[in-house]
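Quick note: the sequence shown uses the working numbering, first residue 386, plus one each step. By construction, the Cβ of each residue, glycine as well, lies at the ideal position given by its N, Cα and C atoms. Below is one structure, written out as structure tokens; comments come after it.
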Amino acid sequence: EPFVADEYIERLAWRTPGGGSRGGEAFDPKRLLEEFVNHIQELQVMDERIQRKVEKLEQQCQKEAKEFAKKVQELQKSNQVAFQHFQELDEHISYVATKVCHLGDQLEGVNTPRQRAVEAQKLMKYFNEFLDGELKSDVFTNSEKIKEAADIIQKLHLIAQELPFDSLMDFCAYPLSSPGKYHDLECQLIQEFTSAQRRGEISRMREVAAVLLHFKGYSHCVDVYIKQCQEGAFLRNDVFEDAAILCQRVNKQVGEVFSNPETVLAKLIQNIFEVKLQSYVKDQLEEHRKSDAEQYLKNLYDLYTRTTNLSSKLMEFNLGTDKQTFLSKLIKSIFISYLENYIEVEIGYLKSRSAMILQRYYDSKNHQKRSIGTGGIQDLKERIRQRTNLPLGPSIDTHGETFLSQEVVVNLLQETKQAFERCHRLSDPSDLPKNAFRIFSMLVEFLCTEHIDYALETGLAGIPSSDSKNANLYFLDVVHQANTIFHLFDKQFNDHLMPLISSSPKLSECLQKKKDIIEQMEVKLDMGIDTLNCMIGQMKHILAAEQKKTDFKPEDENNVLIQYTNACVKVCGYVRKQVEKIRNSMDGKNVDTVLMELGVRFHRLIYEHLQQYSYSCMGGMLAICDVAEYRKCAKDFKIALVLQLFDTLHALCNLLVVAPDNLKQVCSGEQLANLDKNILHSFVQLRVDYRSARLARHFS
């Protein structure tokens, strides 16, 4: 533990008798001093003893350090000597190695000609046997030495090829250059390779293939291998899966047999594509090419997709340097005749299919499509009829039918979606945006123009005039369905068309075409806003039929039991239904715009309606109750302007019941202070007591 002097002295004093108050013993300073002096003497003796020991150890350490330094110097000298010996040995080894290499070169220079001479002698011997016409050597008679025989025949054949024809005839060596023995041996080797392949002897196949590598028939050996590999490989219905399994199996084997496995595997794949797949594709497509466009397009898409998927699997194998181009050319060779006119077939099918879907729908509704004019005189007549209520011709009665069908839309979008998918897969990259635009144009023509636009035109033509009684306002249903359908159209535009044209000039064309469609529909929807006239007309009919003059000028002022009139109840119920219908039919800012227009017209109708009656005191109270109910109904619009208008109207109705003395005070209130005095006067005139001199005097 660390030494602390204070603690050490405390312990020493505590152990000394008389050094403290232990056991009641009195403190004895002399004895404590004596103990301290003795202890100091002991410590001094101990310090001297330890100091002598330290000096002894230091001397010993210095002695050993000198001995160690001397030993290190001796070792360094020994190391230098050893390094010199090593350098001398290395130089000697280098000298010997140079001599050995030189000697080896000399021996090789002597041995190589000797070996060539020996081989030439053997070839001359075998050549002589061919001249004699009798092959006696064991290498030609023993079937197990076919490899050595093949090597000899190959060399003799090359020699014979170099000899002039006349000399060849003179030496009777013509059989060597003719298909004779060379061809027989070649056929024998190929037969041996075939047998080994059937037996599954990979090592034997490798030996024979190595021998045939120098023969002209080597390519025939590869062809035989490829042919035998395919025997029994295509027994199932799925030729693409069979091809993938076959290539996977051959890829593991071909490297063990041939010295150029990538070339052999590429040739196998080429044979599969050009023979098996091309024949299969032709059988599948030619059957429906002229008779069934739908099945033809489905088969073409499926076959092309499966072929490209097979190509992707084959990319894992070693097929040479540019395997991507190699496989692309194989695919193109199979499908080029079908892809050249693909888009024409696609557009033709899409056009006929879309027309059939629409016609089938209209036939189910027993509806004959009408040619409804959208411009010129017809458009002008329609606008005048709706805005002026002049009978310029009867409106079309749709019997509540919107002529819009979710099923039709889903079918059209599904057909177009499949067309976009086929277009993406089957079109050349340079033609993809152009082809996608053509498909989009078909969708616009049949979905937007022939279906949605026709329904809007029919709905517009079916809007009744504002003076019609019990008119059914089906145009809002058309708007609701058209809005839903267009959202689906817009989703397909973003999900399926945009990825195909996003990086091409066709993008701006498609966006402009879509914008034109939206603007065209908005114009028709804006024309359909005159449906509000019909709503106001219905409210007028309700008020005319239900509101009585006695409602606001009852015979018995003291016996009025109703809170608001029956006309008010029915009008509010009708308005609430229409507001809910508008909210369900539209979305976004269109809802607020239409509701604001309806609210303003609703206010104007009630304002003008109230001015048709005279009001007693109790009748005025009832009118205030009616307006309060109308105001409560106006809150459903959730439009600040509409609610403000009805708040002002409610304040105006207070003029019908306020005491004459308070008229000026009420008119100067917050809600009425900014109104024209004529408006205030017109309401005051509705009071039955207006003609009294007192009331006229207070208001003047």
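Measure the C-alpha to C-alpha separation of residue i and residue j and round it to an integer number of angstroms.
i	j	result
residue 387	residue 441	26 Å
residue 433	residue 460	41 Å
residue 786	residue 628	56 Å
residue 401	residue 425	14 Å
residue 735	residue 611	43 Å
residue 639	residue 607	10 Å
residue 637	residue 615	15 Å
residue 666	residue 815	25 Å
residue 692	residue 811	12 Å
residue 862	residue 980	16 Å
residue 950	residue 902	47 Å
residue 817	residue 916	44 Å
residue 574	residue 581	10 Å
residue 975	residue 690	45 Å
residue 848	residue 742	27 Å
residue 415	residue 389	25 Å
residue 897	residue 697	38 Å
residue 1044	residue 1068	14 Å
residue 642	residue 882	51 Å
residue 1097	residue 924	There is simply no residue 1097 to check, as the chain begins at 386 and stops at 1085 in what is shown.
residue 421	residue 435	21 Å
residue 626	residue 694	10 Å
residue 708	residue 647	10 Å
residue 1013	residue 834	46 Å
residue 619	residue 613	12 Å
residue 476	residue 699	58 Å
residue 813	residue 920	56 Å
Count the other CB atoms within 10 Å of the CB of residue i; is the residue buried (16 or more) or exposed (fewer)?
i	result
residue 836	buried
residue 877	buried
residue 649	buried
residue 936	buried
residue 431	exposed
residue 776	Below a pLDDT of 50, predicted positions are generally treated as unreliable, and residue 776, at 41, falls in that range; the measurement from the model is reported next regardless. Exposed, because fewer than 16 other Cβ atoms sit within 10 Å of the Cβ of residue 776.
residue 866	buried
residue 840	buried
residue 471	exposed
residue 494	exposed
residue 879	exposed
residue 927	buried
residue 576	exposed
residue 578	buried
Tell me where the alpha helix (DSSP H) around residue i begins and ends.
i	result
residue 620	Segment: none, residue 620 is in no alpha helix (DSSP H) and carries neither H nor E.
residue 727	727-749
residue 826	817-828
residue 988	974-995
residue 1058	Unbroken run through residue 1058: none, as it is neither H nor E.
residue 711	708-724
residue 403	Premise fails: residue 403 is in no alpha helix (DSSP H) and is neither H nor E.
residue 897	891-912
residue 884	883-886
residue 949	No alpha helix (DSSP H) holds residue 949; DSSP gives it neither H nor E.
residue 806	791-811
residue 920	916-931
Please identify the residue among the options whose C-alpha is closest to the C-alpha of residue i.
i	options	result
residue 795	870, 838 and 847	870
residue 1031	1048, 1069, 1070 and 990	990
residue 747	967, 789, 1054 and 1071	789
residue 1021	965, 1075 and 1013	965
residue 645	609, 621 and 604	604
residue 860	910, 992, 396 and 498	910
residue 1065	1074, 1052, 1072 and 1056	1052
residue 744	793, 732 and 731	793
residue 940	1013, 1003 and 834	1003
residue 702	653, 739 and 938	653
residue 1061	1075, 1037 and 496	1037
residue 622	417, 822, 428 and 669	669
residue 823	885, 583 and 968	885
residue 864	890, 825 and 907	907
#### Entry: Validate contact between the segment 954-963 and the segment 922-942 using beta carbons, cut 8 Å, 3 pairs
yes
### Query
With contact counted as at least three CB pairs below 8 Å, one residue from each stretch, are the segment 975-984 and the segment 995-1002 in contact?
no
### Message
Closer than 8 Å is the cut-off here; do at least three beta carbon pairs connect the segment 725-734 with the segment 678-693?
### Response
Enough Cβ pairs lie closer than 8 Å, so yes.
### Message
Within 8 Å, do at least three Cβ pairs link the segment 1003-1010 to the segment 1019-1031?
### Response
no
#### Entry: Stretch pair the segment 739-754 + the segment 705-718: three plus CB contacts closer than 8 Å
no
### Query
Can you find at least 3 beta carbon pairs, one from the segment 655-664 and one from the segment 579-596, that sit closer than 8 Å?
no
### Task
Take every Cβ of the segment 796-807, pair it with every Cβ of the segment 696-716, and state whether three or more of those distances are shorter than 8 Å.
no
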